[in-house]
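Enquirer: First, the structure itself, so that you have it in front of you.
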Amino acid sequence: MSEPYHRLTWPLFLEFIRLPAKAASMLPFVLGISYAGWAFQQFSWVNSLIYGLAQLAIALFVTGFNNVQDYFKAKDQSYQQRQNIIGREHLSPWGMLALTIVILLVSVILGIILVMRTNLSLLVIGAIGVGVAILYTFGPVPLSRLPLGELLAGFVEGYGTFIIAVLINMTAPSPLNLMLGRRTFTFSFDLGWLLQLLLAALPVIILNAAVMFADNIADMDQDIKNQRFTLPYFLGRKRALQWYRLIPFITFAALILGVLTRALPFWSLLVLATWPLVRNNTRRYTSKPSKDKTFIFTIQSLLTVGGTLLLTLWLGILF
Numbered sequence: 001m002s003e004p005y006h007r008l009t010w011p012l013f014l015e016f017i018r019l020p021a022k023a024a025s026m027l028p029f030v031l032g033i034s035y036a037g038w039a040f041q042q043f044s045w046v047n048s049l050i051y052g053l054a055q056l057a058i059a060l061f062v063t064g065f066n067n068v069q070d071y072f073k074a075k076d077q078s079y080q081q082r083q084n085i086i087g088r089e090h091l092s093p094w095g096m097l098a099l100t101i102v103i104l105l106v107s108v109i110l111g112i113i114l115v116m117r118t119n120l121s122l123l124v125i126g127a128i129g130v131g132v133a134i135l136y137t138f139g140p141v142p143l144s145r146l147p148l149g150e151l152l153a154g155f156v157e158g159y160g161t162f163i164i165a166v167l168i169n170m171t172a173p174s175p176l177n178l179m180l181g182r183r184t185f186t187f188s189f190d191l192g193w194l195l196q197l198l199l200a201a202l203p204v205i206i207l208n209a210a211v212m213f214a215d216n217i218a219d220m221d222q223d224i225k226n227q228r229f230t231l232p233y234f235l236g237r238k239r240a241l242q243w244y245r246l247i248p249f250i251t252f253a254a255l256i257l258g259v260l261t262r263a264l265p266f267w268s269l270l271v272l273a274t275w276p277l278v279r280n281n282t283r284r285y286t287s288k289p290s291k292d293k294t295f296i297f298t299i300q301s302l303l304t305v306g307g308t309l310l311l312t313l314w315l316g317i318l319f
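According to full-length UniProt numbering, the sequence shown is numbered sequentially starting from 1.
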């Protein structure tokens, strides 16, 4: 007779959804609502609160669902039973799957409420985001097991979240519109508005993708055992680390471009002061890529740059 599953405690739940990492997931949301205040002088407390809860729920779902799928798809029994939290703590895999689905449903319900308060175009963007969140670790070929996973995750989380956070705070005329007829539908968008937001969010998009890239470099050996062929697998460890060393240069070049095109306030040049820390964090990670010891430096770089950028947006609002 098999041993009964252990009860899910609060500390185990926090580890299951990796709560400390959620600050990085919420950064594009906070930047987006602040950007709406600076660039468009518009802000809605109610819409921002609803979307903040929905975004947090989808972030919890992605992490939890990823743990569940990694458990079910694991080829390495040692990883499944000793490293994955479900096997290590002898939790019910189907119970944990049910929990993640409930979290997803909460996000979807909040999203529908937000659509009803804004416009239908949000439904399209939200559906794409939820679809990517599910397919990231689900299906015959999950996105996380492909070499484009880092780019897609960084773009959807860094840019998609940013767009929605700005959009929900804007009143008519909306830069995105979806009109439904009996047999037709029309989706219109302001290309200049989308480009402006892309330039503003680009530093965070890059660093979001960098976090995923660093995560996959550190997990490369384990991923190969579990047949997860991510970008570092195709590049090789040496070349992957060479690419990773370029990320600070690309990030700060994107920041300067955002200021020069006036997508970001002049105050945002203050973010350049974080260069020594980001550069040092990059060196510390690449000297010994480790999930336990040095991966935290990639999160630190994202939060430092993003937090400073947030401060400059508020300086732009105030002055």
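Ideal placement from N, C-alpha and C gives every residue a C-beta, glycine not left out.
Of all the CB atoms in chain B, is at least one closer than 8 Å to the CB of I85?
Expert: Here chain B cannot be found, since the structure has a single protein chain.
Enquirer: Would you grab the beta carbon distance between M170 and A36 for me? Rounded to a whole angstrom, and I think it's under 8 Å.
Expert: 6 Å
Enquirer: Under DSSP, the alpha helix (DSSP H) around S107 begins and ends at which residues?
Expert: P93 to R117
Enquirer: Does the contact criterion of 3 or more C-beta pairs under 8 Å hold for the segment 149-161 versus the segment 122-130?
Expert: They touch, by the three-pair rule.
Enquirer: Contact defined as beta carbons within less than 8 Å: I believe M26 pairs with L56. What is the distance between those atoms, to the nearest angstrom?
Expert: The pair is a contact, with the Cβ atoms about 6 Å apart (cut-off 8 Å).
Enquirer: Using a Cβ-Cβ cut-off of 8 Å (strictly less than) and excluding sequence neighbours within five positions of F43, which residues of its own chain qualify?
Expert: Answer for F43: I33, A36, G37 and N169, listed in chain order.
Enquirer: Across which residues does DSSP place M179 in a beta bridge pair?
Expert: T186
Enquirer: Ignoring anything shorter than 4 residues or poking outside the segment 218-289, list the alpha helix (DSSP H) runs there in chain order.
Expert: Runs of the alpha helix (DSSP H) spanning 4 or more residues and lying entirely within the segment 218-289 occur at 220-225, 231-235, 237-260 and 275-287, in chain order.
Enquirer: Leaving out five residues before and five after F138 in sequence, what residues of the same chain have Cβ atoms less than 8 Å from its Cβ?
Expert: The residues are F65 and Q69.
Enquirer: Where do the ends of the alpha helix (DSSP H) carrying A21 lie?
Expert: Looking at the DSSP string, A21 is not in any alpha helix (DSSP H), and its letter there is neither H nor E.
Enquirer: So is S121 buried or exposed if we call it buried at 16+ other beta carbons inside 10 Å?
Expert: buried
Enquirer: What's the C-alpha gap between A240 and L231?
Expert: 8 Å
Enquirer: Quick check on DSSP: helix, strand or coil for L120?
Expert: coil
Enquirer: Under 8 Å, with one C-beta from each stretch per pair, do the segment 311-318 and the segment 257-277 reach the 3-pair mark?
Expert: yes
Enquirer: Taking only the alpha-carbon atoms, compute the straight-line gap between W10 and R18 and give it to the nearest angstrom.
Expert: Computed Cα separation, rounded: 12 Å.
Enquirer: Among A74, V30 and A23, whose alpha-carbon lies nearest the alpha-carbon of D223?
Expert: A74
Enquirer: Can you find at least 3 beta carbon pairs, one from the segment 212-220 and one from the segment 287-301, that sit closer than 8 Å?
Expert: yes
Enquirer: Thinking C-beta only, is G129 closer than 8 Å to A209?
Expert: no
Enquirer: Using only alpha-carbon positions, find the residue among F266, F297 and L135 that is nearest to P276.
Expert: F297
Enquirer: Grouping DSSP H, G and I as helix and E and B as strand, with all else coil, what is I296?
Expert: The three-state secondary structure of I296, taken from DSSP, is helix.
Enquirer: Using the Cα positions of R262 and P142, report the straight-line distance between them to the nearest angstrom.
Expert: 38 Å
Enquirer: Could you check how far apart the C-beta atoms of residue 378 and F229 are, in whole angstroms? I think they sit under 8 Å.
Expert: Within the shown structure, residues of the chain are numbered from 1 to 319, placing residue 378 beyond reach of any answer.
Enquirer: Tell me which residue opens and which closes the alpha helix (DSSP H) that S144 is part of.
Expert: It is not in any alpha helix (DSSP H) - S144 carries neither H nor E in the DSSP assignment.
Enquirer: Just the Cα atoms here: how many angstroms apart are F266 and L255?
Expert: 11 Å
Enquirer: Expressed to the nearest angstrom, what Euclidean distance is found between the alpha-carbon atoms of H6 and S92?
Expert: 7 Å
Enquirer: F319: which of G258, A39, R117 and Y244 sits nearest, CA to CA?
Expert: A39
Enquirer: On the premise that T251 lies in contact with P203, defined as a C-beta separation below 8 Å, what is that separation, rounded to the nearest angstrom?
Expert: 5 Å
Enquirer: Span of the alpha helix (DSSP H) holding G154?
Expert: Residues G149 to F155.
Enquirer: Would you mind reading off the limits of the alpha helix (DSSP H) that contains D76?
Expert: Element bounds for D76: n/a, residue is neither H nor E.
Enquirer: Does the Cβ-Cβ distance between L302 and A24 come in under 8 Å?
Expert: yes
Enquirer: Skipping 5 residues on each side, what residues in its chain have a beta carbon closer than 6 Å to that of P175?
Expert: D190 and W193
Enquirer: Using a Cβ-Cβ cut-off of 7 Å (strictly less than) and excluding sequence neighbours within five positions of R245, which residues of its own chain qualify?
Expert: T282 and T286
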